[in-house]
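Engineer: First the structure, which I've put down as structure tokens, then a few questions once you've had a look.
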Amino acid sequence: MRVRFFSRLPRLFHLGDRTMFERKIVQIIAFILVAGAAGYAQAQSFVRLLPEATTLSTEENNELKAIKSLPTTEWARLAEVDPEQLKKGGDVTFDLGEGRSLSLSGNDKVAATARDFVWSGEEKAANRSNAESPANAVVTVDGNEVSATIRTNEELYSIEPIGGGAHVMIKVATDRLPPDHTERRLQRRGEKREMPGRELRKADRAVATIRVLVFFTPKAKAQISNIALFAKQAVNETNTAFAKSSVNARVELADAQVVQYTETGSQKRDTARLTARRDGYMDGIHAIRDRTKADLVLLITTDRGECGWSQQVYANAASAFASNYFDCSIKNLSFAHEIGHLLGACHNVEDSSGCPFAYGHGYRNEPQRKQSVMAYPCRRVTCVRQPQWSRPPDWGNARRADVVRLLNATAGRAAAFR
């Protein structure tokens, strides 16, 4: 059908030219409509902050107050999440508040019918300098509840459920996170350590599956809306770090349970009690470990004296136990950090000694604001720990900081603990 507008332009176009002109106009209009629709779809945000006046139930309000009271909370806002946006492919937008947003490209294809899934994404190279670590996110969806972490080089955000399908977006004050743990001698005088030997895996592409059993103290459970989702997110963060760093291993959640135990205020003591089999504290967890075939066991506590503690660096089957302060497990990647210790990894070489593997240190580069999973925080600038294990050339060096090489060698050994 001809558009009447063009019949009024006889002096500008001959008949043949007019037909070509109309076709070109239709193409332009179609392009505008498609581009507009694409722009609209792209603008749909996975998370949208809600007005402060939003009505909450008593339970939801109590959860929000508890989150706001944490020392690490810079601010916390009610948020609406839309997991369907993660299934569409392409870029996903995150509303970060304060007039800012972040667009990330997804790494995972999610089935349209999925209700429980994990999604990860990162910033495109064109939007950052080559030296920078890309902004990234890990999102775990469990029905109508979501747990997520969004990281840039300098800022850290978290999304947590507070019950009833409601969620909160948190900007984390990274300078208020507890220390990873007080530096300890990795080997006591006279202690016999199992050192690397024939049990280490030769380089290959086989993926080692390490099963992890997660326990929560009653006090920790009281701080967490959904412990199963919490454990899944911690596992997914660890697996994302493995995948981004080309580690041939994955962590699998054996179970997440509450253990009846009264915290002592010392993660070192709590971890020792978790490890011991017949000391009268948490003795029942060992049967659960055997039944669920869990290679590693982690205890989540509310002791904020330090972010975590592992019973032994380069643990064996009898010592593969660790603990975490709940507010560090995911936000500070302390869950992955302690697993790294159990597999033999140490802190960055500047802050570590006695490491069983000379090349098994984390990596920190302050000018580039890079902090790997095993590295201590930057001292002179703000860094955010990233889901990256040290490896050359961009995240380490072959002689002192190649935790990827270490994990590829030790993961198979740990996967055979049970």
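Residue numbers (our numbering): 25 to 442. Don't be surprised by glycine CBs; every beta carbon is placed ideally from N, CA and C. Quick caveat: nothing in here was measured; it's all calculated off a predicted structure.
1) Among the residues of its own chain, which have a CB less than 7 Å from the CB of residue 64, if the five just before and after it don't count?
2) What are the residues that DSSP puts in a beta bridge with residue 185?
3) Give me the residue from 166, 256, 259 with the minimum Cα distance to residue 521.
4) Tell me whether the beta-carbon of residue 351 lies closer than 8 Å to the beta-carbon of residue 94.
5) What residue from 322, 236, 120, 294 has the CA that sits closest to residue 180's CA?
6) Going along the chain, which residues of its own chain have a beta-carbon closer than 6 Å to the beta-carbon of residue 279, five neighbours each way excluded?
7) Taking 8 Å as the cut-off, decide whether the C-beta atoms of residue 262 and residue 287 are in contact.
8) Take residue 409 as the anchor and find which of 436, 399, 92 has the nearest alpha-carbon.
9) Are the stretch 120-133 and the stretch 244-256 in contact at 8 Å, needing three or more beta carbon pairs?
10) Secondary structure at residue 394, three-state DSSP: helix, strand or coil?
11) In angstroms with no decimal places, state the Cα-to-Cα distance between residue 273 and residue 305.
12) So what's residue 56 in DSSP terms, helix, strand or just coil?
13) Should residue 424 be labelled buried (16 or more other beta-carbon atoms within 10 Å of its own) or exposed?
14) Strictly by DSSP, which residues pair up with residue 97?
15) Roughly how many angstroms separate the alpha carbons of residue 84 and residue 102, rounded to a whole number?
16) By Cβ distance, which residues of its chain are closer than 7 Å to residue 361, with the 5 residues on each side in sequence left out?
17) Straight-line CA distance for residue 243 to residue 363?
18) With DSSP collapsed to three states, give me the class of residue 174.
19) Helix, strand or coil for residue 146? Go by DSSP, reduced to three states.
20) Take residue 214 and list the residues in its own chain whose beta-carbon comes closer than 7 Å to its own, dropping the five residues that flank it on each side.
21) Between the alpha carbons of residue 295 and residue 108, how many angstroms are there, rounded?
22) Which value, in whole angstroms, describes the spacing of the CA atoms of residue 126 and residue 115?
23) By alpha-carbon positions, which one of 163, 138, 92 ends up nearest to residue 118?
24) When the cut-off is 8 Å and only beta carbons count, does residue 83 lie next to chain D?
25) Which stretch, first to last residue, makes up the alpha helix (DSSP H) that contains residue 108?
26) Below 8 Å CB to CB, which residues in the same chain sit around residue 390 once its five sequence neighbours on both sides are set aside?
27) Of the residues 439, 99, 374, 308, which one's Cα is nearest the Cα of residue 385?
28) Could you round the C-beta distance between residue 322 and residue 359 to whole angstroms and report it? I think they count as a contact, below 8 Å.
29) So, helix, strand or coil for residue 421, using DSSP?
30) Could you check the C-alpha separation between residue 285 and residue 149 for me, to the nearest Å?
31) I need the straight-line Cα distance from residue 217 to residue 370, nearest angstrom please.
32) So is residue 439 buried or exposed if we call it buried at 16+ other beta carbons inside 10 Å?
33) For the putative contact between residue 97 and residue 91, defined by C-beta atoms under 8 Å, what is the C-beta separation to the nearest angstrom?
34) If we count the other Cβ atoms within 10 Å of its Cβ and call it buried at 16 or more, is residue 122 buried or exposed?
35) Between the alpha carbons of residue 257 and residue 303, how many angstroms are there, rounded?
36) Helix, strand or coil: how does DSSP classify residue 81 here?
Structural biologist: Reading it off the structure:
1) Since pLDDT at residue 64 reaches only 41, below the 50 mark, its modelled position is unreliable, and the value read off the structure follows with that caveat. For residue 64, where only same-chain residues beyond five positions count, there are no Cβ hits under 7 Å.
2) 191
3) No answer is possible for residue 521: the residues shown for the chain start at 25 and end at 442.
4) yes
5) 120
6) 237, 316
7) no
8) 399
9) no
10) strand
11) 32 Å
12) Note that residue 56 scores 43 on pLDDT, short of 50, meaning its location in the model is unreliable; the coordinates nonetheless yield the value given after this. Three-state DSSP puts residue 56 in a helix.
13) buried
14) 196
15) 10 Å
16) 204, 332, 397, 398
17) 23 Å
18) strand
19) strand
20) Low confidence applies here, because residue 214 scores a pLDDT of 36, under 50, leaving its location unreliable; read the following figure in that light. Taken in chain order, the list of residues that qualify is empty.
21) 40 Å
22) 10 Å
23) 163
24) Absent from the structure: chain D. Only one protein chain is present.
25) Taken as a continuous stretch (DSSP letters only), residue 108 belongs to no alpha helix (DSSP H), as it is neither H nor E.
26) 402, 403, 404, 405, 407
27) 374
28) 7 Å
29) strand
30) 47 Å
31) Confidence in residue 217 is poor, its pLDDT being 44 and thus under 50, which makes the residue's placement unreliable; the coordinate value appears in the next sentence. Near 15 Å, if we compare the C-alpha coordinates of residue 370 and residue 217.
32) buried
33) 6 Å
34) exposed
35) 32 Å
36) coil
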